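Reviewing the structure listed below.
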Amino acid sequence: MLSRAAVALGLSPVQQDYLLQARQMQSLSFMVHIPLVCFGIAFPAMILFIEWRYLRTGDEVYKTLARRWTKVLVTLFAAGVVTGTILSFEMGLLWPDFTSTFGSVFGLGFAIEGFSFFLEAIFIGIYVYGWDRLSPRAHFLVGVPIAIAGVLGSFMVISVNGWMNHPQGFRLENGQVTDVHPVRALFGNPYFWHELVHMYLAGFMVTGFLVAGAYAIGKLRGRWDRYHRIALAVPLTAAAVAAPLQVLVGDWAARVVATDQPIKLAALEGLGPTTRGAPEHLLGWYTDGRVQYGIEIPRLLSLLAFHNPNATVTGLDTVPAGDIPPVNVVRIAFQLMVGIGTLLALLSVIFLFVRWRRGRLPGTLWFYRALALAGPAAVVALIAGWVTTEVGRQPWVVYRVMRTNEAVTSASGIPVSYAVLALTYLVLIAAVAWALRHLAIKPLPAPSPSDVTPVG
Amino acid sequence: MLLFVLAGLVLYTVLAGADFGAGLWQLLSGPGPHGRAIRDHAHHAMAPVWEANHVWLIFVLTITWTAFPVVFGSLASTLTIPLSLAGLGIIFRGLAYALQSATDVPRERRVIDTIFAISSALTPFMLGAAVGAIASGRVPVGNAAGDLVSSWINPTSILIGCLAVAVGAFLAAVYLAADAARLGDAALQRAFRTRALATGVLTGALAVAGLVGVHHDARHIYDGLTSGYGLAAVIVSACAGIGTLVLVSISRFQLARLSAALAVAAIVAGWAAAQRPRVLPGLTLHQAAAGRATLIAVIVAVVVGGLILAPSLGLLFRLVLAGGFDPAAAHTQAPPAGGSVSHRSRGRYARVAVVCAVAGVVLLTLLDGAPAHAVGVVVLLAAAALTFAAVSPDELA
Ligand code: HDD
Ligand code: HEM
Ligand code: HEM
């Protein structure tokens, strides 16, 4: 390869008056994409479980359920595909200097991700249109690659995100990357595994609580035959086994952040000065280098982050003011996630306990009211978690290597595309909601004409 | 490496092009039951495969930004308007696919079909215009270094944009005629045969106009297309195009499908040949390429991925083309009854799950060090799976 010195776009701040809007566009796109993606991660596995029960028992209820869920999956998958495509475009449309400088380092992850999407798209096509046309066994097997591809896809994206948080596998010379080792950069990264496991569990929680919540609302309205009970119990169980683990994995994530991104940790906790035996603050508001109106628990932060009540925790005052992320945004998002995560874990433990001692689903209506709220709450926690990670990394796009204002496009017209995009997403969300509602109110006994012809 | 990008581009044009075209025919299908039949036919033929067709675009994007990062950054920033509009079109197309399955109400279907059709014209036009901008050398290296408007509103861009739309319509008409022939629907077959012939002629005319256009606007492309590999590709394309028209007019649709695809593929190859060796003004392919390690990693990924994908794609298209998804092909066959999970084993699952959970907490939360954490996560996930089995949610209901 010849010298690329003449052709790189370089590392220097770009003239862009609308950086904030560009960032908001990016976060808007993620907020629409990521909840959809949770269904890609977890829903195929749940549908396959139901179909497997059908294979084992021959009970038509399972088949009806699996077919109806498949339609929901297709709708959400289509929405996931288009929002994901927008994200791919935004890599260039919003952050051309990021992509042109580091594309050779992290691009491999997306290239492999592309393959997993391919697999997913192909087998979803076969799975959806293959009901009744393949033998039941073959049809079940066709579903397996969908579940695998959903996991592989998020594996790859998260490896890229892990790399952005903990860049390695290249050297920088005069704004040029050289000595690039993409495999090591992405997959040999210590910052990657907690994100992957945390996100994977989040996928199951979001999908499980949302689906179970829909049937919980149905129960509150009096729809409660065996079909509905199965449709509630399966996703609920999946979410309930994930939720308590999520707390443990989140704690692990926080300890990795503490060692690898101390400034992010300080922002999460609102820790102004570097402190030995640092306290933990619940709630409150960060001003003038400290948290006010919060509940202080002495030494807890040091204990949690470093397993030692006297450990020293780095504060925000160790970096210049320009390098501090927006503390309150990050901190509130983090507390929101932890709060919701704790409540959801509690709800799950109640469910598991009732199952263990009484051998049935919980009887009280309060459980179902809480369950109806659990789905949206899980989505909030999911987004809050990504805000924690991404905003907590600011002002860097690539941690301590490239600032966000060095990555942004210098093309004009960002406010216009932002407005158009926001409107489009509104239409998209409304349309998906409308489609799901149509699917939900279709009368139950499955073989309606549109189920037999391949309209989808 | 460039070959991969090109192969992806060709496949995207040939497969997704047809997809866009099918959308167009929905718009131009006319009113009444005949129009409805045309729209439904176009939809049924494309619905199982559109996502797979679409992914070729993602493939091209990701390979480009990995292997030719500077090219990607320059293109995306200068061509921000056409690419944003193409993205918008893609959103609405995907949306329409998602919605079409949800409703049978004619009024709602009409709105959805119209959205679908308009976005099916918008997207290929904008992507074509972007290609025109590259071909006519209007995208310099740099972050939005080119003119945001005139880079893609110029004779070459507009011609190539129109050509892209026409190519899609042509491909779709040929494919759909073939499908109609397989289904034995004579009226539909006639309808799409006429359309294939008309758009075939139109596409040819646009291609010739395009040649004249680049003669004035992008001289090096014209020179490239009239000599060497470029010329060969143009000749192949012209022959295959004319051959397709003949095959369609004598109703040999299966062959026509292939020759139509060949004609279109040759156009893309011809452009690539004419563009060589420069990608952007002052930037050759060699200079634009990423480092060795990256290229090797991508090639390995593509080859391994291809080995998995090829048979899968083959399966999908075999099922679609052989009519495996046609309404008439349904066969129902229930699995044998019986078989429920052993009730005794549930208690055992629960006990093992508790042991795993405790071990996991010790390893992941109390101990430090990567090996302990790795084992801890695995043990915890096992605990989750065992708990799920112990709960047996379906029997609980
Ligand atoms: C259903 C969603 C959900 C729930 C209930 C939780 N989280 Fe979370 N969290 C996420 C969803 C999420 C996420 C969206 O998936 C993030 C963003 C990036 C990532 O890897 O996971 C995340 C990130 C994230 C990070 C930042 C990691 C980084 O920057 O690399 C920390 C420290 C925590 N989480 C900690 C917790 C704790 C202690 C929780 C316990 C109660 C918790 N999370 C519950
Ligand atoms: C590859 C995996 C990535 C993931 C999972 C991811 C995730 C997210 C999420 C969820 C947000 C929303 C946070 C908020 O509400 O502000 C966000 C914001 C953002 N992301 Fe990323 N991102 C990724 C890659 C990128 C890339 C490639 C860039 C661009 C170079 C980027 C730059 C940003 C910026 C600038 C914001 C806005 C932050 C702010 O509002 O202050 N991220 N990201
Ligand atoms: C910069 C960030 C991202 C980009 C560029 C991106 C790109 C894409 C694209 C192009 C698709 C559609 C694939 C198709 O055509 O079939 C998609 C879907 C998907 N994405 Fe993303 N994505 C990003 C962030 C994420 C994140 C944060 C996750 C998960 C943690 C994720 C996981 C998935 C999954 C599982 C799918 C499958 C579609 C579905 O099941 O709905 N992606 N993404």
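Chains as they are written, first to last, in the numbering used here: chain A, 1021 to 1476; chain B, 15 to 411.
Beta carbons: idealized from backbone N, C-alpha and C, even for Gly.
If you're wondering where the values come from, they're calculated on a predicted model, not measured in any experiment.
Between the stretch 129 to 147 of chain B and the stretch 171 to 184 of chain B, the count of Cβ pairs shorter than 8 Å is three or higher; the stretches touch. Annotation for histidine 1218 of chain A: the continuous alpha helix (DSSP H) segment containing it runs 1213 to 1240. Under the Cβ criterion of 7 Å, serine 1179 of chain A is not counted among the residues facing chain B. In terms of side-chain proximity, the C-beta atom of threonine 1362 of chain A is found nearer than 6 Å to a non-hydrogen atom of ligand 1. The shortest CA-to-CA distance from methionine 1176 of chain A to any of A:Gly1134, A:Gly1383, A:Phe1160 is the one to A:Gly1134.
Counting only the Cα atoms, valine 1417 of chain A lies some 17 Å from valine 1339 of chain A.
Contact between the stretch 1067 to 1074 of chain A and the stretch 1101 to 1116 of chain A is absent: fewer than 3 CB-CB pairs across the two stretches fall below 8 Å.
Pairing leucine 1114 of chain A with threonine 1424 of chain A, the inter-Cα distance amounts to about 11 Å.
Listed in chain order, the positions of the stretch 1267 to 1297 of chain A with a beta carbon within less than 7 Å of a beta carbon of chain B are Leu1268, Asp1271, Trp1272. Nearest in C-alpha terms to valine 282 of chain B, of all of B:Leu380, B:Ser265, B:Leu245, is B:Leu245.
DSSP places histidine 1186 of chain A in no alpha helix (DSSP H); its state is neither H nor E. Identification of chain B residues near glycine 1233 of chain A by a Cβ-Cβ cut-off of 9 Å yields none; the smallest Cβ-Cβ distance measures about 15 Å. Using beta-carbon distances, proline 1187 of chain A does not count as an interface residue toward chain B, since no partner is under 7 Å. With respect to chain A, the C-beta atom of tyrosine 111 of chain B has a partner C-beta closer than 7 Å. Using a Cβ-Cβ cut-off of 7 Å, alanine 1258 of chain A is close to Phe402 of chain B, given in chain order.
Residues of chain A with a Cβ closer than 7 Å to the Cβ of proline 385 of chain B do not exist, since the nearest Cβ in that chain sits about 12 Å away.
For alanine 1401 of chain A, the distance from the CB to the nearest heavy atom of ligand 1 is below 6 Å. In the DSSP secondary-structure assignment, tryptophan 1272 of chain A is not bridged to any residue. For the stretch 246 to 257 of chain B, the set of residues with a beta-carbon nearer than 8 Å to any beta-carbon of chain A is empty.
Short of 6 Å from the beta carbon of alanine 210 of chain B, and not among the five residues preceding or following it, lie these beta carbons of its own chain, in chain order: Ala187, Val188, Ala191, Val262. For leucine 1356 of chain A against alanine 1394 of chain A, the beta-carbon gap comes to about 15 Å, at or over 8 Å, which does not count as contact. If you ignore the 5 residues before and after alanine 254 of chain B, its C-beta comes within less than 6 Å of the C-beta of Ser273, Leu276, Ala277, all in its own chain and listed in chain order. When 7 Å is used as the limit between beta carbons, phenylalanine 1229 of chain A is near no residue of chain B, the shortest such separation being about 14 Å.
Per DSSP, reduced to three states, the secondary structure at arginine 1076 of chain A is helical. The contact set of glycine 1134 of chain A on chain B, defined by CB atoms closer than 7 Å, consists of Val69, Ile72, Phe73, Thr76 in chain order. Secondary structure of threonine 1295 of chain A (DSSP, three-state): strand. Checking the 6 Å criterion, the Cβ of tryptophan 1272 of chain A is out of range of every heavy atom belonging to ligand 1. Under the DSSP assignment, tryptophan 1386 of chain A falls in the alpha helix (DSSP H) whose first and last residues are 1385 to 1413.
For tryptophan 1376 of chain A, the uninterrupted alpha helix (DSSP H) run begins and ends at 1347 to 1378, by DSSP. By alpha-carbon distance to alanine 1065 of chain A, the top candidate from A:Ile1144, A:Phe1130, A:Phe1126 is A:Ile1144.
The DSSP-derived three-state label of valine 1339 of chain A is coil. In the structure shown, the three-state DSSP call for arginine 1423 of chain A is strand. By the rule that beta-carbons nearer than 7 Å mark a contact, leucine 1056 of chain A does not touch chain B. With its beta carbon less than 7 Å from one in chain B, threonine 1105 of chain A belongs to the interface. With fewer than three CB-CB distances shorter than 8 Å, the stretch 1242 to 1250 of chain A does not count as touching the stretch 1385 to 1392 of chain A.
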